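I have placed the structure first, in the form of structure tokens, so that the comments after it can refer back to it.
Protein chains in written order, with my numbering: chain A, 146 to 478; chain B, 2 to 442.
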């Protein structure tokens, strides 16, 4: 029986239309002038189509089965040292919490005067602000900061804080110390877990970040009730705001400006935390150092090792993500 | 046939079950359907040609699906199966926990099992991961699986770790005679684009919202008929408000029996789904004589011959371009969609589906029953921890069965009489003839 070769206007394997000058589909080498019996005289090759009756059983498995399967298509291979470097984001945050706790203990034991804390805090904030302002104008020269607005806001905020100090002092004064310590630990854990480590954008207004900051500020409000004078309360609260609301912004800025600066900042924070705590508890220092080492050196190794079990499967059955122009972006995943 | 989804609920699975059962009855098999109770529709109902439906009283939790009861369903299931002398249990749809349970219990009772998967799942979102684990559990010890498209087969094989040889591809079908084209219903002055789908995110309604105003701006003689309902309805209404398209975009929900009459009013059918195992909607539209424009996702490229369908990527620009091409094709009369019906009648018929399903049944009836220990071994392979858990569940299931055999002995269960289909058919024919005679008189 003589058969005419089938002329395809489209490729049956991938549905790509053939142009007039194309003999072979550039995607899968399928010939537009298809005469399969030249290759196999008995049977036409199986095609992944439902609308043709094919001379194959329904459970036939072709060689092309799972051809479109992609494994680990979007997986990023990690490098040990770059992960170590990235882990500084976490260690910096842990260090800053430890330092804050240390400062509180010093203040409570009267080893640090409230005056000194306020002065150091203000000076550090000023230096930090100058750096932040300078690097921002360097990075994005066209953006105009409203410096006056920032200063006005800062002054207003600290005056309000000063005014609220007596209230904050007596807010949780009747709560027993045990409750306060336990609550503080929980709140700092919340701060640690909900801190926004990931996003690099400097104008960060995401919910997880604010939850974390609120937890830290609430922890300091709770702690502030352990002080006797208003000045102490104000000192700690001001420090908390600078330390948990402003300092993370500065750290993010440092990270985006220079890697070395970031590393230096990590080491400085680490050394400060260690020295401050050596006078309080040696056991905590040991735990702290071990924890830092674990996060910095063991966890990256662990992450890279566990990558081998990564098995990401993609294929034509995946839900497509619609691309919509004109600013109406829709992303549910 | 077991599934949570059956009439009066409307949908693809429901009609699949009904039509497949009808064709199997016509081929001389006895078919019953087990589903859960819908409102006050409980107990046993008889449908056309003696298709018996058991509405088992189980609580419904979400979108007509029942919660997993583990063993709660077993006693009633066993009674039904014994009463009706069932030899093959065929479960439908992975969402249905009733179907999973039925398959496990049927295996315990030594019956043959089969499963049809109607949808696609990814591998990355939490609900799919849980679903896939369940599926792996039930399908560890199944005789055969049926999928509706080749893409769906690949997906199911991966999800449930099956041998691909145990998975058959049997597409859905349409009753082509119910979707006959009717060019007189079309408005000759304008090109009408019809969209009929559930209005949800997965059906790509965001794409539709973006595309409709652009097409309307470009062509003054194009109208849209958007049928269906769902959470994205509001977005579509807002789009219509914002672009002042009240006279050109028809929105409204339609009932299942109105689908054909809506379809024939248009020349082009638009499908914007983001994932689709088979998409019966585009087949129905092509049957009704519409040129189809569809996103190229899942099993859609397998469904229609190239001259009936235009593909687009699930992107706004590409979709607009494809619609423009289709409008031009219609206006220049490059295609004759009215002929699609005849071509599709051959391709997707329920008789064909029933024939192929029958082949699957015949094949699984030939297979040997594995002993319990063999079954346990296959469940054990599911995972380090889950494997053991599954084994415990299966062993308990087995013991429960033995207990049921003792407390409710087999021979005390009354056997239901078979529905005399042939006699019924003859009676129907006689009645028809009498009617005709009366008319003639």
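Even glycine gets a Cβ: it sits at the ideal position worked out from N, Cα and C.
Fair warning: this is a prediction, and the values are worked out from it, not measured in the lab.
Any C-beta of chain A under 8 Å from that of residue i
i: residue 317(B); result: yes
i: residue 235(B); result: no
i: residue 165(B); result: yes
i: residue 203(B); result: yes
i: residue 296(B); result: yes
i: residue 442(B); result: no
i: residue 140(B); result: no
i: residue 143(B); result: no
i: residue 232(B); result: no
i: residue 20(B); result: no
i: residue 276(B); result: yes
i: residue 121(B); result: yes
i: residue 114(B); result: no
i: residue 128(B); result: no
Any non-hydrogen atom of the ligand SAM closer than 7 Å to residue i Cβ
i: residue 102(B); result: The ligand SAM is absent from the structure shown, which contains no ligand whatsoever.
Neighbourhood of residue i by C-beta distance below 8 Å, restricted to the same chain and skipping five residues each side
i: residue 209(B); result: 196, 227, 237, 271 and 273
i: residue 185(A); result: Note that residue 185(A) scores a pLDDT of 46, beneath 50, so its modelled location is shaky and nothing firm can be said.
i: residue 364(B); result: 145
i: residue 263(B); result: 195, 197, 226, 228 and 255
i: residue 45(B); result: 53, 54, 55 and 56
Chain B contact for residue i (CB, 8 Å cutoff)
i: residue 204(A); result: yes
i: residue 147(A); result: Residue confidence for residue 147(A) is low, a pLDDT of 44 falling below 50, so the modelled location carries little weight; the figure read from the coordinates is stated next. Closer than 8 Å: no.
i: residue 467(A); result: yes
i: residue 312(A); result: no
i: residue 190(A); result: no
i: residue 116(A); result: Not covered by the structure: residue 116(A). The range shown for chain A is 146 to 478.
i: residue 393(A); result: no
i: residue 455(A); result: no
i: residue 470(A); result: yes
i: residue 294(A); result: no
i: residue 473(A); result: Residue confidence for residue 473(A) is low, a pLDDT of 45 falling below 50, so the modelled location carries little weight; the figure read from the coordinates is stated next. Yes, because at least one Cβ of chain B sits closer than 8 Å to the Cβ of residue 473(A).
i: residue 458(A); result: yes
i: residue 463(A); result: yes
i: residue 181(A); result: Note that residue 181(A) scores 47 on pLDDT, short of 50, meaning its location in the model is unreliable; the coordinates nonetheless yield the value given after this. Judged by the 8 Å Cβ criterion, residue 181(A) is not in contact with chain B.
i: residue 194(A); result: yes
i: residue 210(A); result: yes
Own chain residues within Cβ distance below 6 Å of residue i, not counting five before or after
i: residue 169(B); result: 147 and 361
i: residue 180(B); result: 261, 285, 288 and 289
i: residue 181(A); result: Any reading at residue 181(A) is ruled out, since the residue's pLDDT is 47, under 50, leaving its predicted position unreliable.
i: residue 142(B); result: 108, 376 and 379
i: residue 378(A); result: 310, 313, 314, 369 and 372
Simplified DSSP assignment, three categories, for residue i
i: residue 215(A); result: strand
i: residue 181(B); result: coil
i: residue 185(A); result: Note on residue 185(A): pLDDT 46, under 50, position unreliable in the model; the coordinate value appears next. In this structure, residue 185(A) counts as coil in the three-state DSSP scheme.
i: residue 313(B); result: strand
i: residue 417(B); result: coil
i: residue 63(B); result: strand
i: residue 180(A); result: Unreliable placement is indicated for residue 180(A), whose pLDDT of 47 sits below 50; no coordinate value is reported for it.
i: residue 429(B); result: helix
i: residue 436(B); result: helix
i: residue 279(B); result: coil
i: residue 444(A); result: helix
i: residue 360(B); result: helix
i: residue 267(A); result: helix
i: residue 71(B); result: coil
i: residue 252(B); result: strand
i: residue 281(A); result: helix
i: residue 257(A); result: coil
i: residue 434(A); result: helix
i: residue 380(A); result: helix
i: residue 206(A); result: coil
CB-CB length for residue i against residue j, believed under 8 Å
i: residue 140(B); j: residue 163(B); result: 6 Å
i: residue 275(B); j: residue 464(A); result: 5 Å
i: residue 218(A); j: residue 418(A); result: Not quite, the Cβ-Cβ distance comes to about 42 Å (not below 8 Å), so this is no contact.
i: residue 233(A); j: residue 411(A); result: 4 Å
Chain-order list of residues whose beta-carbon lies under 7 Å from that of residue i (same chain, five-residue window excluded)
i: residue 207(A); result: 191
message: Which complete alpha helix (DSSP H) runs does the stretch 281-308 of chain B hold, if anything under 4 residues is left out?
response: 281-288 and 301-304
task: Report the residue ranges of all alpha helix (DSSP H) runs contained in full by the stretch 307-361 of chain A; include only those spanning at least 4 residues, in chain order.
output: 322-339
- prompt: What are the start and end residues of each continuous alpha helix (DSSP H) run of 4 or more residues lying completely inside the stretch 120-183 of chain B, in chain order?
  reply: 127-140 and 151-161
message: In chain order, what are the residue ranges of uninterrupted beta strand (DSSP E) at least 3 long that sit wholly in the stretch 9-51 of chain B?
response: 33-37 and 44-48
- request: Write down every uninterrupted run of the beta strand (DSSP E) in the stretch 89-114 of chain B whose length is 3 residues or greater and which is fully enclosed by it, in chain order.
  value: 89-93
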